[in-house]
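Just so you know, we're using this note's numbering here: the sequence shown kicks off at 423 and counts up by one. No residue lacks a Cβ here, since even glycine has one placed at the ideal position from N, Cα and C.
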Amino acid sequence: MKYLVKSRSNYYFRRKIPYTQKNFLVSLKTDSLKEAKFLIDTINPKFKTVGVLEMDFQEKIIYLQNLMIEYIEEAKRDYSHQRVAREKRYAYTTKKGKNRSGSHPVAIDRALEDLEEITFSSDENLRKITYNEIISSSQMVDKFKEAERILNDDEFKVRLVDEVFKAEIEMLHNDKNENEERIKNKLSLNENIALNRTEIALELKNNLNLIPYPYSNANNAYKQIL
């Protein structure tokens, strides 16, 4: 049975403490398997609310790193949905009144500039609003809310928000690179089409030059008769 360990004639409850690298081990003070299973079934549901230790600094670092790795992987798996969300989030209206999608190269550059500015801003309210806007389009809102509860000291609250901004900047750069690659491929395709048309035209012209011109031959024959 999970979490149940036997040593000699005694049973123990052993389980990894949530959100830490530590293990919790306690003697059940029984040598009866049936009684040990009953105690495990009683302890498990309450485990998250009893005996959960606070993470130390290094454990918080590891927890945050793992959270962001999962977030970026999820963003890449759900790329189409996330990209559409960014297109809406960073859309804007130009000074000339033109609506511009957030996927436009200028819109992406504008978003990158704004995000870098917000990352180093002292306006915590603006940072929090931007952070919530970003995570709201992911499938991990609950995990981020849990992270806010765990990383609730002043240093890690800032780190969590900064890491989300860094991930968003990374995804925007990815959008920008994909746009440039798509434009490059489109230009290359157009150039190939134009080149093929030119080659076809030259080939047709050369073929026409090889075909005898009936009127010219008849005219030459007439001159010979004369």
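- For the 7 Å CB-CB criterion, Gly519 and Glu509 do not form a contact.
- With a cutoff of 7 Å on beta-carbon distance, Leu450 and Tyr433 are scored as near each other.
- For the pair of segments examined, the region 536 to 544 was found not to touch the region 560 to 580: the number of CB pairs separated by less than 8 Å stays below three.
- Residue pairing by DSSP places Asn521 opposite Thr515 in a beta bridge.
- Residue environment analysis places Ile551 among the exposed positions, since fewer than 16 neighbouring C-beta atoms fall within 10 angstroms of its C-beta.
- A buried status is given to Gln504, since no fewer than 16 other beta-carbon atoms sit within 10 Å of its beta-carbon.
- Between the alpha carbons of Leu426 and Ala513 lies a distance of about 55 Å.
- In the DSSP assignment, Phe435 falls within the beta strand (DSSP E) that extends over Asn432 to Lys438.
- In the DSSP assignment, the residues bridged to Phe446 are Arg437.
- If you check the CB distance, Lys482 and Phe542 do not come in under 7 Å.
- With the rule of 3 Cβ pairs closer than 8 Å, the region 453 to 469 does not count as touching the region 548 to 564.
- If you draw a straight line from the Cα of Val580 to the Cα of Leu455, it is about 48 Å long.
- For Lys451, no beta strand (DSSP E) encloses it, and the DSSP letter there is neither H nor E.
- For Leu426, the uninterrupted beta strand (DSSP E) run begins and ends at Leu426 to Ser429, by DSSP.
- Setting aside the 5 residues that flank it on each side, Glu590 is surrounded in the same chain by Leu537 and Ile556, each with a C-beta closer than 7 Å to its C-beta; the list follows chain order.
- Scanning its chain for C-beta atoms nearer than 7 Å, with the 5 sequence neighbours on each side dropped, one finds no residue around Glu602.
- Contact between Glu585 and Leu486 holds: CB atoms are separated by about 6 Å, below the 8 Å threshold.
- For the set Ser502, Ile605, Leu582 and Lys598, the Cα lying nearest the Cα of Asn488 is the one of Leu582.
- Look at Asn574 here: in three-state DSSP terms it is coil, with no helix or strand label.
- DSSP places Asp500 in the coil class of the three-state scheme, outside both helix and strand.
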